[in-house]
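Numbering (this note's numbering), first residue to last: 144 to 457. Don't be surprised by glycine CBs; every beta carbon is placed ideally from N, CA and C. Have a look at the structure below before the remarks.
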Ligand code: FEC
């Protein structure tokens with residue numbers, strides 16, 4: 144008999160339409176509605192990226208589908224079938240909806256994984272907490288993947304992407320070694336550091352490993368997309384870093400947002416529009432590595448760590 148293992152694939156979530164932005168923003172703000180100015184500012188950013196379309200939804204759908212295929216393909220004769228369920232942090236289907244769907248299908252064992260490679264108690268930790276609570280209430284035994292930031296295939300695919308863009312810089316006449324590679328990730332409130340959170344160290348470890356594999360010595364790490372709240376967030380922000388680089392006469396910059404795996408607002412707006420505009424102002428040439436989205440190599444990373452976590456059910 145084939146045993147079914149549920150895989151709860153968790154991602155940030157995005158609104159379904161511009162009308163849904165207010166409810167989405169209110170959810171991110173833990174039930175506090177944004178001011179009309181804040182709401183307008185967010186809607187404007189969504190409109191600027193691709194005219195009010197929400198690419199993260201389509202990308203997450205594709206990743207979930209591709210992961211299910213990667214988990215089951217080429218394993219004929221195995222007595223385990225993996226069934227993927229989507230669970231989003233701030234939009235439908237919510238994390239709890241995904242666990243509920245598993246329970247309805249009679250799943251008794253599941254693995255939870257987040258489409259973000261680095262662990263912070265404020266990011267992946269909150270996804271896992273919600274999934275755990277719902278799974279316990281639903282009688283499902285669950286194992287969780289907390290991080291996969293140094294998985295060899297992840298380092299390999301990211302370093303290939305860095306090298307590919309450095310080739311383009313060279314073709315455009317730049318000296319490869321003159322290109323400053325900026326690894327970046329979503330900022331979090333500074334207070335995570337005093338909590339002993341591994342987020343920053345994991346991001347630095349990924350950046351160092353990718354730089355080493357791609358043979359890059361001219362690199363640094365910077366934060367991006369800090370939230371609009373009054374407390375201090377981890378810095379320096381990428382825009383500040385770009386100003387500093389410009390003062391130091393750096394002309395070529397390649398951004399590698401290793402904390403993200405999909406094309407979405409924080410990549411398509413914060414980097415491709417906001418950072419690009421600053422680059423033009425500073426007379427700097429800025430490129431970004433392509434996002435992983437549903438690249439088979441990324442699916443292979445996810446499939447490997449999910450299978451390993453599922454191993455504990457044997
Ligand atoms: O394309 C899209 O529709 C969604 C883009 C999106 C991604 C994303 C990823 C992360 N966030 C993380 C932390 C925070 C914290 C706050 C916060 C706020 C926002 C807001 C928007 C938003 N985030 Fe996000 N985030 C995305 C979008 N994020 C929109 C609200 C407006 C703003 O502040 O810009 C602050 C919440 C608070 O008020 O307390 C904290 C982290 C990630 C990367 C890991 C992950 O994917 O979960 C960490 C994608």
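{"Query": "When 448, 329, 299 are compared against residue 358, the one with the closest alpha-carbon", "Result": "299"}
{"Query": "Residue 175, buried or exposed, once every other Cβ within 10 Å from all chains shown has been counted against 16", "Result": "exposed"}
{"Query": "Segments assigned alpha helix (DSSP H), at least 4 residues, entirely inside the stretch 369-447", "Result": "381-390, 408-411, 419-424"}
{"Query": "Alpha-carbon to alpha-carbon, residue 323 and residue 348", "Result": "18 Å"}
{"Query": "Option in 312, 257, 221, 327 with minimal Cα separation from residue 286", "Result": "257"}
{"Query": "Residue 145 - DSSP class collapsed to helix/strand/coil", "Result": "coil"}
{"Query": "Rounded C-alpha distance that separates residue 233 from residue 156", "Result": "5 Å"}
{"Query": "For residue 285: DSSP bridge partner residues", "Result": "253"}
{"Query": "Three-way DSSP call (helix, strand, coil) for residue 198 in this model", "Result": "helix"}
{"Query": "Alpha carbon of residue 215 to alpha carbon of residue 441, nearest angstrom", "Result": "15 Å"}
{"Query": "Beta-carbon proximity check, residue 242 vs residue 382, cutoff 8 Å", "Result": "no"}
{"Query": "Same chain only: Cβ atoms within 6 Å of residue 236, ignoring 5 sequence neighbours per side", "Result": "229"}
{"Query": "Touch test, the stretch 288-297 against the stretch 257-277, Cβ-Cβ under 8 Å, three pairs minimum", "Result": "yes"}
{"Query": "Contact belief for residue 367 with residue 329 at Cβ below 8 Å, rounded distance in angstroms", "Result": "7 Å"}
{"Query": "Sub-8 Å separation of residue 294 and residue 402 beta-carbons", "Result": "no"}
{"Query": "Segment contact, 8 Å Cβ cut-off, at least three pairs: the stretch 303-319 with the stretch 427-434", "Result": "yes"}
{"Query": "Delimiting residues of the beta strand (DSSP E) encompassing residue 456", "Result": "It is not in any beta strand (DSSP E) - residue 456 carries neither H nor E in the DSSP assignment."}
{"Query": "Residues near residue 389 by beta carbon distance below 7 Å, same chain, minus five either side", "Result": "425, 427"}
{"Query": "Cβ-based burial, residue 396 [other Cβ within 10 Å; buried from 16]", "Result": "buried"}
{"Query": "Beta-carbon contacts of residue 411 that lie in its chain and below 8 Å, excluding the five residues immediately before and after", "Result": "192, 193, 198"}
{"Query": "Nearest neighbour of residue 226, chosen from 220, 250, 371 [CA to CA]", "Result": "250"}
{"Query": "Close beta carbons around residue 379, own chain, < 8 Å, minus the five adjacent residues each side", "Result": "365, 366, 387"}
{"Query": "Contact check, residue 460 vs residue 302, beta carbons under 8 Å", "Result": "Because residue 460 is not part of the residues shown, which for the chain are 144 to 457, the question remains open."}
{"Query": "Three-state secondary structure assigned by DSSP to residue 155", "Result": "coil"}
{"Query": "Alpha-carbon spacing of residue 275 relative to residue 369, whole angstroms", "Result": "28 Å"}
{"Query": "Secondary structure, beta strand (DSSP E): runs of 3+ residues fully inside the stretch 210-250", "Result": "223-231"}
{"Query": "Buried versus exposed call for residue 439 [16 or more other C-beta atoms within 10 Å across all chains shown]", "Result": "exposed"}
{"Query": "Length of the line joining the Cα atoms of residue 281 and residue 201", "Result": "28 Å"}
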